[in-house]
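Visitor: Sharing a structure below in structure tokens format, with a few things to ask.
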Amino acid sequence: MTVRLFRAIDRTVEYGLFLIFLTFTIVGGLQVFNRFVLGLPLSWSEEFQKFGHIWMVMLAIPVAYRRGAHLGMDMLLRLLPPVTQRLVGLLTELLWLLLALAIGRYTLVIMQIAKTQESPGLGLPMDWVYSGMVIGSAYLALVAGRRFAAHFGWREPPPESLGGH
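FYI, the numbering used here numbers position 127 of the sequence shown as 170, with every residue one higher than the one before it.
Here's what the structure looks like:
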């Protein structure tokens, strides 16, 4: 049951990233077409892409972390005894969890200040823009917690390819 819930959350985030990237591509194409072909640049497209990048990066970080896609240097780690390697692994997962909690906490503080502000191009409340950081950090905390629990026996299947069903 829990594994199925986590898999559903993982898939939802991955498909959300796909939709964000697809929307970027379409809006970017429209921006170029309108500016250079029609001579009528879109007033909101650059702001849309900036805000979308916030969402995309904050959601992509935990996806890459869960899949083990971040760059890592383990040459020195492999020279350490197995017990020390495990402790370094636990510390790494704990630091990811603390990073997620710090980003989430301080973004909530910024959102309280930004909730009265509106973006100039799209007219969006700025706390909506920053909510992508909170959602991304919550997902990062979930992934870090799962990876931390794996050091104590938690088992879940490896991430699926997006192409497979």
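C-beta: ideal position from N, C-alpha, C; glycine also.
Under the DSSP definition of a beta bridge, which residues are partnered with P124?
Guide: Position 81 of the sequence shown holds residue 124. Its beta-bridge partners do not exist; DSSP assigns none.
Visitor: Just to confirm, are P105 and L183 a CB contact at a threshold of 7 Å?
Guide: Residue mapping note: residue 105 aligns to position 62 of the sequence shown, counting from 1. Residue mapping note: residue 183 aligns to position 140 of the sequence shown, counting from 1. Result yes, Cβ atoms of P105 and L183 sit closer than 7 Å.
Visitor: In whole angstroms, what separates the C-alpha of R198 from that of H113?
Guide: The residue you call residue 198 lines up with position 155 of the sequence shown. The residue you call residue 113 lines up with position 70 of the sequence shown. Cα-Cα distance, rounded: 21 Å.
Visitor: Rounded to the nearest angstrom, what separates H208 and L120 at their Cα positions?
Guide: The residue you call residue 208 lines up with position 165 of the sequence shown. The residue you call residue 120 lines up with position 77 of the sequence shown. At H208, the pLDDT of 48 sits below 50, so the modelled position is not reliable; the number obtained from the coordinates is stated separately. Approximately 36 Å between the Cα atoms of the pair.
Visitor: Check whether the segment 47-65 and the segment 96-103 are in contact - that is, three or more C-beta pairs closer than 8 Å.
Guide: yes
Visitor: Write down the C-beta distance between D170 and A157 rounded to the nearest angstrom, noting that I regard them as a contact closer than 8 Å.
Guide: Looking up residue 170 in the sequence shown gives position 127. Looking up residue 157 in the sequence shown gives position 114. Yes, they are in contact, since the Cβ atoms of D170 and A157 sit about 5 Å apart, within 8 Å.
Visitor: Just to confirm, is the Cβ distance from L102 to V152 under 7 Å?
Guide: Translated into the one-based positions of the sequence shown, residue 102 becomes position 59. Translated into the one-based positions of the sequence shown, residue 152 becomes position 109. Against a cut-off of 7 Å, the Cβ pair of V152 and L102 comes out as no contact.
Visitor: In its own chain, which residues sit with a C-beta less than 8 Å from the C-beta of M44, not counting the 5 before and 5 after it?
Guide: Here residue 44 refers to the residue found at position 1 when the sequence shown is read from its first residue. Within the same chain, M44 has no close Cβ partners at all.
Visitor: Could you tell me how far apart the beta carbons of F94 and L140 are, in whole angstroms, since I believe they sit closer than 8 Å?
Guide: Working through the sequence shown from its first residue, we reach residue 94 at position 51. Working through the sequence shown from its first residue, we reach residue 140 at position 97. Actually they do not touch by this definition, with Cβ atoms about 27 Å apart.
Visitor: Give the range of the alpha helix (DSSP H) segment to which M169 is assigned.
Guide: Residue 169 sits at position 126 when you count from the first residue of the sequence shown. M169 to A193 is the span of the alpha helix (DSSP H), which, as asked, contains M169.
Visitor: What would DSSP say about E136, mapped onto helix, strand or coil?
Guide: Position 93 of the sequence shown holds residue 136. It is helical.
Visitor: DSSP three-state label for I52, please.
Guide: The residue given as residue 52 occupies position 9 in the sequence shown. The answer is helix: DSSP assigns I52 an H, G or I state.
Visitor: Who are the Cβ neighbours of A187 in its own chain at under 7 Å, not counting the five residues just before and after it?
Guide: As a position in the sequence shown, residue 187 is number 144, starting the count at 1. Cβ within range, chain order: E136, W139, L140 and A143.
Visitor: Is DSSP giving E161 helix, strand or coil here?
Guide: For the purposes of this step, residue 161 is identified with residue 118 of the sequence shown, where counting begins at 1. Strand, per DSSP.
Visitor: Just the Cα atoms here: how many angstroms apart are L73 and F49?
Guide: Locating residue 73 in the sequence shown gives position 30, where the first residue counts as 1. Locating residue 49 in the sequence shown gives position 6, where the first residue counts as 1. Going by the C-alpha atoms only, they are around 36 Å apart.
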